[in-house]
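A.B. asks: This is the structure, below, for whatever I ask next.
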Amino acid sequence: MARSKLFKVWYNVSMFLSDEKIIELEKKANDIRESIIEMLLEAGSGHTAGPLGMADIFTLFYFHILKHDPKNPAWEERDRLVLSNGHICPVLYATMAHAGYFPIEELKTLRKFGTRLQGHPHREYLPMLETSSGPLGEGLSQAIGMALADRMDSSAPFTRGERSRTIYCFMSDGELDEGNSWEAIMFAGKNKLRNLIVVVDRNNIQIDGFTEDTMPLEPLADKWRAFNWQVIEIEGHDFQVINKAVEEAQEISEKPTVIISHNIPGKGVREFESNYKWHGYDPNSGKSKEDYSMALNELRTLGGKIKSEHQ
Amino acid sequence: MLNPNLKLNPKIFNDDPSNPSGQVLEQVPIRKGFGEGLLKAGEADKNVVALCADLTESTQMNFFKEKFPERFIEVGVAEQNLVTISSGMAAMGKIPFCSSYAMFSPGRNWEQIRTTIAYNDRKVVIVGSHAGVSVGPDGGSHQALEDIALMRVIPNMDVISPCDAVEAKKATLILAKGSQSKRPAYLRLAREKTPIITTEETPFNIGKAEIYWMPDVGLAQVGIIVTGGLMYRALVAAKELEAEGIKTKVMNLSTIKPIDTDAIVALAKETKRIVTVEEHQVMGGMGSAVAEVLAKNYPTAIEFIGVQDKFGQSGTPDELVEHYGMGKNSIKEAVMKILSRKI
Chain A
30 MARSKLFKVW
40 YNVSMFLSDE
50 KIIELEKKAN
60 DIRESIIEML
70 LEAGSGHTAG
80 PLGMADIFTL
90 FYFHILKHDP
100 KNPAWEERDR
110 LVLSNGHICP
120 VLYATMAHAG
130 YFPIEELKTL
140 RKFGTRLQGH
150 PHREYLPMLE
160 TSSGPLGEGL
170 SQAIGMALAD
180 RMDSSAPFTR
190 GERSRTIYCF
200 MSDGELDEGN
210 SWEAIMFAGK
220 NKLRNLIVVV
230 DRNNIQIDGF
240 TEDTMPLEPL
250 ADKWRAFNWQ
260 VIEIEGHDFQ
270 VINKAVEEAQ
280 EISEKPTVII
290 SHNIPGKGVR
300 EFESNYKWHG
310 YDPNSGKSKE
320 DYSMALNELR
330 TLGGKIKSEH
340 Q
Chain B
182 MLNPNLKLNP
192 KIFNDDPSNP
202 SGQVLEQVPI
212 RKGFGEGLLK
222 AGEADKNVVA
232 LCADLTESTQ
242 MNFFKEKFPE
252 RFIEVGVAEQ
262 NLVTISSGMA
272 AMGKIPFCSS
282 YAMFSPGRNW
292 EQIRTTIAYN
302 DRKVVIVGSH
312 AGVSVGPDGG
322 SHQALEDIAL
332 MRVIPNMDVI
342 SPCDAVEAKK
352 ATLILAKGSQ
362 SKRPAYLRLA
372 REKTPIITTE
382 ETPFNIGKAE
392 IYWMPDVGLA
402 QVGIIVTGGL
412 MYRALVAAKE
422 LEAEGIKTKV
432 MNLSTIKPID
442 TDAIVALAKE
452 TKRIVTVEEH
462 QVMGGMGSAV
472 AEVLAKNYPT
482 AIEFIGVQDK
492 FGQSGTPDEL
502 VEHYGMGKNS
512 IKEAVMKILS
522 RKI
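Protein sequence lines correspond, in order, to chains A and B.
Its first residue numbered 30, the first sequence is counted upward by one per residue in the numbering used here.
Its first residue numbered 182, the second sequence is counted upward by one per residue in the numbering used here.
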């Protein structure tokens, strides 16, 4: 089935990413980042680091990977993408708007009274969402429920090269503090849910600071493997790399897969990104911990212009 | 007399096992009625699925599991996962019934229920078994006395507390069918066997209270509103009171939410005095719900039978029900007390 326009529905047997397509995606990701910053400034509050860091992944999914139809959000056969860390909804909303789910203009209503774009995603106001979220640790279980239902309903086993449907779940690393997350992880491993693919936004930060200071997660890959998951680790800002990881994940037939994506919070905004490398505090960087904290604060408040979650 | 229109169990007052007529009052755990109802619901609709947190047999999901193993999900001792997976399955058109002891679901996973089921509007039936003190020897940590309060206060959540196994079976089937309500629901069950009050022909409808006992003649002086397995004790109390010259009506309030405002107000208008009876804390449960209705519509004197702001403990169900002031005599005393109150 050929694609004539970027937003038409298409079933993608091959996930090949051409150079031309990559240029399109880069531009799209940039547009989405602009929208994120604009809507947060307009709203006066909200989360910045996660959304900016995940913008490339969201772009790739909504403009290349997902089997979906923005003009028919309830299309039964669509892939499901469950956003578990609902607080990064600015990137979800921005991506959905640019993909054609609703007008881009509407993004400026974020967090305002009467909006469809609630501060944390809510299906009652925006029915096209796969779930309402916000409280952490609950999305993966819901994605598992969806994967289980699919497995119950599928009459034929999955065959190589034929992808019927994947359930995706995006999570944050901080969210892995929640016990509910590990209940889910344990369950999925036991049940060998091969139609489930998780992406973890490993940006090393949470509200109270760095993850490794607040509640250390390392060795994170080992933990998932111990629960019988396939683990793929990537840097989350190269479309070919992300695409390849998802392709690889789809081929795994005996386990659910987690893609631990090392993302830079604030990625794409030179002012924030160029100062520090965000893969955790680097003692060799010549910067102090306080410098990192200050930079993080700048990012979270967009230079003092919005109220951040940690205030 | 028992309400002749409701086709209640004629053996309710046959408490003598050596009754020469051989008609013994059957006693069945309310949870068993759910187990049978779930199986039947599964036979009627292939979208019905069952999830359990390591308590399959004691929540009576074993019948369903045996017949439909591919539709039964074991999550282990993980109640948060229990309800959130259920939510995800409901998103795909399944009709999930998920069960554990009420103390753990909704006790432990209250927020997940609120967020992923009620707020997210996914039709899941949360089955809280082993509610009340009649759990018995396990003790207070396992005796949920706060679950009605927890669940009725969540928007978009029906709360149903059947009076016997027969009613529990009907409630399960009606919830599975979704014909009377599309909302998520909480179904409260008990562990210990309790007398069968109703028959197959007795009506059960979500949101509709029924009068099970009424005076032979004349108006009732006190309205006794009951939910759950204590119904039997309330009916025996009413019968004895009748013989002592006190006329009462006994109402089965098996749906606590949506509450039958009209029926409660009508009963209050007739009697001017209400006694509520539940195996639950007096704060926040069914009695409180009734008080809210009446304070707003027809302020009425109320006495609350239930657990008086204490935790449960080990004992036999009968010992505990008596100890915590929910037995037949406690109910009678409450009726006498409210009759002597100046209103």
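C-beta atoms are modelled at their ideal positions from N, C-alpha and C, and glycine is treated no differently.
Small disclaimer: the values here were computed from a predicted structure and weren't measured.
#1: Bridge partners for B/E484 per DSSP, in chain order?
#2: Check whether the Cβ atoms of B/E484 and B/L411 lie closer than 8 Å to each other.
#3: Determine the closest residue to B/N510 out of B/F492, B/R522, B/I486 and B/V340, with distance taken between C-alpha atoms.
#4: Below 7 Å on C-beta distance, what does B/V256 contact in chain A?
#5: What does DSSP give as the partner residue(s) for B/W394 in the beta ladder?
#6: Please classify A/G166 as buried or exposed, where buried requires at least 16 other C-beta atoms within 10 Å of its C-beta.
#7: In three-state terms, what does DSSP make of B/S511?
#8: Distance cutoff 8 Å, beta carbons only. Does B/R252 sit that close to anything in chain A?
#9: Do we get a CB-CB distance below 8 Å when we pair B/Q402 with the residues of chain A?
#10: Between A/E338 and chain B, is any beta-carbon pair separated by less than 8 Å?
#11: Output needed for A/E204: all residues of its chain with C-beta closer than 7 Å, excluding positions within five of it in sequence on either side, in chain order.
#12: Are the C-beta of B/D235 and some C-beta of chain A separated by less than 8 Å?
#13: Which residues mark the beginning and the end of the alpha helix (DSSP H) in which B/C344 is found?
#14: Among B/A482, B/D302 and B/E373, whose alpha-carbon lies nearest the alpha-carbon of B/K523?
#15: From A/K334 to A/Q279, what does the alpha carbon distance come to, in whole angstroms?
#16: List the residues of chain A whose Cβ lies closer than 8 Å to the Cβ of B/M270, in chain order.
#17: Measuring CA to CA, which of B/T240, B/D339 and B/D499 is closest to B/P439?
#18: Exposed or buried, what is B/I455 when buried is set at 16 or more other beta-carbons lying within 10 Å of its beta-carbon?
#19: Rounded C-beta distance between A/D202 and A/V229? I'm assuming under 8 Å.
#20: Which residues does DSSP pair with B/P210 in a beta bridge?
#21: If I follow the unbroken beta strand (DSSP E) through A/L112, where does it start and stop?
#22: Of all Cβ atoms in chain B, is any one closer than 8 Å to the Cβ of A/P164?
#23: Measuring alpha carbon to alpha carbon, tell me which of A/G79, A/L155 and A/K50 ends up nearest A/S290.
#24: For A/H308 and B/T296, what's the separation of their Cα atoms in angstroms?
#25: Between the stretch 206–222 of chain B and the stretch 399–407 of chain B, do three or more beta carbon pairs fall short of 8 Å?
#26: The alpha helix (DSSP H) that contains A/F199, what's its start and end?
#27: Do the stretch 138–157 of chain A and the stretch 257–264 of chain B make contact, defined as three or more Cβ pairs closer than 8 Å?
#28: So which residues of chain A does B/S267 contact, with C-beta pairs closer than 8 Å?
#29: Closest Cβ-Cβ distance between A/M181 and chain B: below 8 Å?
#30: Could you pull out every residue in the same chain whose Cβ sits closer than 8 Å to the Cβ of A/V120, ignoring the five residues on either side in sequence?
#31: Would you list, in sequence order, the uninterrupted alpha helix (DSSP H) runs of no fewer than 4 residues that lie entirely inside the stretch 77–105 of chain A?
#32: Rounded to whole angstroms, how far is the Cβ of B/G317 from the Cβ of B/E373, which I believe are closer than 8 Å?
#33: What residue range does the alpha helix (DSSP H) around A/D48 cover?
#34: Since A/T160 meets chain B, which of its residues come closer than 9 Å, beta carbon to beta carbon?
#35: Do B/A418 and B/K513 count as a contact pair if the criterion is CB distance below 8 Å?
#36: Tell me, please, whether the CB atom of A/S170 is closer than 8 Å to any CB atom in chain B?
C.D. replies: From the atom records:
#1: B/V456
#2: No. Outside cutoff.
#3: B/I486
#4: F216
#5: B/L183 and B/V431
#6: Counting Cβ neighbours within 10 Å, A/G166 comes out buried, since at least 16 surround it.
#7: helix
#8: yes
#9: no
#10: no
#11: S113, N114, L165, G166 and S210
#12: Output row for B/D235: interface = no.
#13: Element bounds for B/C344: n/a, residue is neither H nor E.
#14: B/A482
#15: 42 Å
#16: G174, M175, L177 and A178
#17: Checking every option, the nearest Cα to that of B/P439 belongs to B/D339.
#18: buried
#19: 6 Å
#20: B/K374
#21: R109 to L112
#22: yes
#23: A/G79
#24: The predicted model places A/H308 with a pLDDT of 42, which falls under 50 and marks its position as unreliable; any figure quoted below should be read in that light. If you take the alpha carbons of A/H308 and B/T296, they lie about 33 Å apart.
#25: no
#26: Careful: A/F199 lies outside any alpha helix (DSSP H), inside the beta strand (DSSP E) at I196 to S201.
#27: no
#28: G174
#29: yes
#30: I61, I65, G79, P80, L81, M83, A84 and F87
#31: 78–89, all fully within the stretch 77–105 of chain A.
#32: Rounded, the Cβ-Cβ distance is 6 Å, consistent with contact.
#33: D48 to A72
#34: S268, G269, A272, T297, N301 and R303
#35: yes
#36: Taking Cβ atoms only, chain B reaches closer than 8 Å to A/S170, which makes this a yes.
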